[in-house]
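Q: The opening residue of the sequence shown carries number 1 in the UniProt record's numbering; numbering runs sequentially from there. Ideal Cβ positions, reconstructed from N, Cα and C, are used throughout, including at glycine. Quick caveat: nothing in here was measured; it's all calculated off a predicted structure.
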Amino acid sequence: MSYEAYYADTAQILHEQRCQHDYCQLHLKGRWHFFFNWLTAKVKKAKFRLQSIDGYCHLFKRLYPAHACPSTPTVYRYLDRGLLPLDNTILPEKLRRHIKHAGRHRDRRNKRLAGTSIEQRPQAVNERKTFG
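#1: Could you check the C-alpha separation between lysine 29 and alanine 68 for me, to the nearest Å?
#2: State buried or exposed for isoleucine 13, treating a residue as buried only when at least 16 other CB atoms are found within 10 Å of its CB.
#3: Just to confirm, is the Cβ distance from leucine 79 to valine 43 under 8 Å?
#4: With 16 other CB atoms within 10 Å as the buried threshold, where does valine 125 fall?
#5: If I measure Cβ to Cβ from tryptophan 32 and keep anything under 8 Å in the same chain, skipping five residues before and after, which residues do I get?
#6: Nearest by alpha-carbon distance to leucine 63: which of Trp38, Gln123, Leu83, Ser52 is it?
#7: I'd like to check one pair, phenylalanine 36 with leucine 84: are the Cβ atoms closer than 8 Å?
#8: Can you tell me which of the three DSSP states asparagine 37 falls into?
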């Protein structure tokens, strides 16, 4: 049976090296850097009419078609992780956004019954001889 020694300093160095290759940080500082700077400036500058992130993404694609733009869920994910200098309270649409997850469906009974069933109606009603 072999024994491998654990060295905390070596593990910390390896961890920091692996964190340098973080996908989010690479895109935040590289490919989408222009978009995130533009978005931060736009949101902080807008005082009254704040759009959703989706509106900002479409506006950016129209204004700067040559630059790369992330998808709307990616921007919301970066906001949730705290990678952007914005927070959820600034964006009104973010707080209303709900994503439906597959496999989380629950069968419920009818909340309200709309009266007696057709099968339980009296026979006189089915003959339709009286009004009302």
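A: On the basis of the coordinates in this document:
#1: Near 13 Å, if we compare the C-alpha coordinates of alanine 68 and lysine 29.
#2: Exposed: under 16 other Cβ atoms inside 10 Å.
#3: No, these two residues do not count as a Cβ contact at 8 Å.
#4: The residue in question, valine 125, is exposed, as its Cβ has fewer than 16 Cβ neighbours within 10 Å.
#5: Take tryptophan 32, set aside five residues on each side of it, and the residues of its chain with a beta-carbon closer than 8 Å to its own are Ala68, Cys69, Pro70, in chain order.
#6: The shortest Cα separation from leucine 63 among Trp38, Gln123, Leu83, Ser52 belongs to Trp38.
#7: The answer is yes: Cβ separation under 8 Å.
#8: Taken through DSSP and simplified to helix, strand or coil, asparagine 37 comes out as helix.
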